[in-house]
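Participant: With the sequence shown counted from 1, adding 1 to any position gets you my numbering.
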Amino acid sequence: MARPVVAVMDSMDQKDDVFGELLRDKGYKENDIKIISQDDEEAKHYTRYFEQGNFVVTVDVEKDIGQKHKTDPGENLRKADPLARQEHPPHHHMKRGL
Numbered sequence: 002m003a004r005p006v007v008a009v010m011d012s013m014d015q016k017d018d019v020f021g022e023l024l025r026d027k028g029y030k031e032n033d034i035k036i037i038s039q040d041d042e043e044a045k046h047y048t049r050y051f052e053q054g055n056f057v058v059t060v061d062v063e064k065d066i067g068q069k070h071k072t073d074p075g076e077n078l079r080k081a082d083p084l085a086r087q088e089h090p091p092h093h094h095m096k097r098g099l
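Here it is, written out as structure tokens:
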């Protein structure tokens, strides 16, 4: 099964920057990150990404597809924009193109 792509690199010189961001900012572990080159057996799953660069960076994620992401319902209410809440927008907003 194909893993989600998080980055496409032109060369391995970019590895430290990409790994740093994924480890530090995104919270992935080093053993969850995999770099696939065009010569790898798994490359056939990522052919469209190789048009952008020579290496594809994928991560291993644990997400049950049948379950939604857990969010704090109060978080939606704290947003200033009423259309940002996860509810059906009023029809006059749709007519105005918002």
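Note that the Cβ used here is the ideal one computed from N, Cα and C, for glycine as well.
(1) Anyone know if the C-beta pair for V62 and A8 falls short of 9 Å?
(2) Would you call the CB atoms of P5 and T59 closer than 9 Å?
(3) What is the DSSP secondary structure of K27, counted as helix, strand or coil?
(4) Taking V19 as part of the beta strand (DSSP E), name the residues at either end of that continuous run.
(5) Within this structure, are the beta carbons of I36 and M13 separated by less than 9 Å?
Facilitator: In short, the structure shows the following:
(1) no
(2) yes
(3) K27 falls in the coil class under three-state DSSP.
(4) From DSSP, V19 is part of no beta strand (DSSP E) but of the alpha helix (DSSP H) over K16 to G21.
(5) yes
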